[in-house]
Amino acid sequence: MKGLSRAAVASLLATAIPAVPALAQSVPNAPTGPIETKYYANGPFATTQARSAAPCDSKGNQCDIFYPTDVASSTTRWPLVVWANGTAATPDKYTYWLRHLASWGFVIVATRDQQTGYGNTALDSLAYMQGEEANPASPFYHRIDFSHVGAAGHSQGASGAANAMFHSNGVISTGVVFHLPSQMWCNPAENCLLTPTLAGGAGSIFYVSGTADGLIAPDTQSSGTQLNSQTAYYNATPAAMAKAKGLLKGTNHNDISGTPGCGLLGILQSCNNGTYGYLGFPTAWLVWKLKGDAAAGAAFKAGSGEFFTATAWTGQVSNVP
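Under mature numbering (1 follows the signal peptide of the UniProt record, and there is no 0), read the sequence shown as residues -24 to -1, 1 to 297, first letter to last.
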């Protein structure tokens, strides 16, 4: 496949993003503790967004790549996060959150596939970046740390991110899944995270949903024996995996797509509060798991970590010692 050339990247605008998305006290789901507040703010790196010159997955989709602007000129190998979109969505819907993550020193590759539940195109995008890392003409040549790879996704893409992790032969070691749909919504079933796949999984996972998302990704089981709630998914996750779960108060299914707020049409788009609450702890989880920040990890300590006293969250559980 044709790669992302240095010349093509040089022609893109490198955009520095502000130090904080907004005054924390003036927004919904505002952070309260030091770790959440730290990672709610944008990180120290200016960011660039680029698009692959050719398809990066087996369906013929291009990929969008979000990364610290000075990747090519640095001597650092950067952790990689594979992103999977929700149904009928592209990375354009999640630009604010993806840029935020890149500002903390991650390279994020996001296929433009709009049906990502199987996880196959997310794995294709990982393979694409492996090719870029080996290509001397690429800005990512010898700049990706494939020993520290995570996955994240929203809605159907939450299934895709989890499936990609569990089918990556250990290359993807952690996942953050936003508003993972109940299995009752999956047709075909394999387009969701299947119970045997989860039960046999390894790695670590952070389940995030919202209290207003009672239809697609509720916290509690209303009916059936399938995994039809975030709590059911959490409980079915092997105890050997580091795991956490929490719901943002008042957020609906598409709040993560905020820019950072929901805008005038937010209610019609199932967005109530915006992406503010999705910035702090999800970023902290990835910084912990992929960059080794022990203080960020301590926030998830079962029962006593900062995550459990955060006022924007409810339903928190964790097995982190």
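We put the CB at the ideal spot given by N, CA and C, even for glycine. Keep in mind that this is a model prediction, so the values were computed, not measured.
| Query | Result |
| --- | --- |
| Stretch-stretch touch, CB-based, cutoff 8 Å, three pairs: the segment 39 to 54 with the segment 76 to 96 | yes |
| Paired residues, beta bridge with Lys69 - DSSP | BP columns for Lys69 are empty, so no partner. |
| Paired residues, beta bridge with Ile41 - DSSP | Ala26 and Val85 |
| Residue nearest to Thr13 in terms of C-alpha spacing, selected from Ala271, Val152, Thr227 and Ala113 | Ala271 |
| For Val147, the nearest candidate out of Ala65, Thr171 and Ala98 (CA to CA) | Ala98 |
| Distance CB(Ala220)-CB(Val296) smaller than 8 Å | yes |
| Simplified DSSP state of Lys221, which is helix, strand or coil | strand |
| Same chain, Cβ closer than 7 Å to Thr196, neighbours up to 5 away in sequence not counted | Ser205 and Thr207 |
| Length at least 3, wholly inside the segment 256 to 285: the beta strand (DSSP E) runs in chain order | none |
| Cross-strand partners of Thr150 (DSSP beta bridge) | Gly126 and Ser180 |
| When Ala275, Thr287 and Leu266 are compared against Ser294, the one with the closest alpha-carbon | Ala275 |
| Neighbourhood of Ser34 by C-beta distance below 6 Å, restricted to the same chain and skipping five residues each side | Asp100 |
| Beta-carbon proximity of Trp80 to Thr259, cut-off 8 Å | yes |
| Contact check, Val184 vs Ala127, beta carbons under 8 Å | no |
| Identified DSSP bridge partners for Ile120 | Trp54 |
| Beta-carbon proximity list for Tyr70, same chain, < 8 Å, skipping 5 on both sides | Trp59, Asn61, Ala86, His130, Ile232 and Ser233 |
| Collapsed DSSP secondary structure at Thr63 in the structure displayed | coil |
| Closest residue to Ala17 among Ala134, Met105 and Tyr254 (Cα-Cα distance) | Tyr254 |
| Alpha-carbon spacing of Ser199 relative to Cys32, whole angstroms | 40 Å |
| Within 8 Å, strictly: CB atoms of Leu174 and Tyr117 | no |
| Distance, Ala134 Cα to Asp68 Cα | 17 Å |
| C-alpha distance - Pro4 paired with Gly237, whole-angstrom precision | 9 Å |
| Endpoints, alpha helix (DSSP H) assigned at Thr207 | Gln206 to Ala212 |
| Sequence-distant residues of its chain with Cβ nearer than 7 Å to Gly9 (five each side left out) | Glu282, Thr285 and Ala286 |
| Enclosing alpha helix (DSSP H) for Thr97 [first to last residue] | Asn96 to Glu109 |
| Residue interval of the alpha helix (DSSP H) (run including Gln132) | Gln132 to Phe142 |
| Limits of the unbroken beta strand (DSSP E) element including Thr290 | Trp289 to Ser294 |
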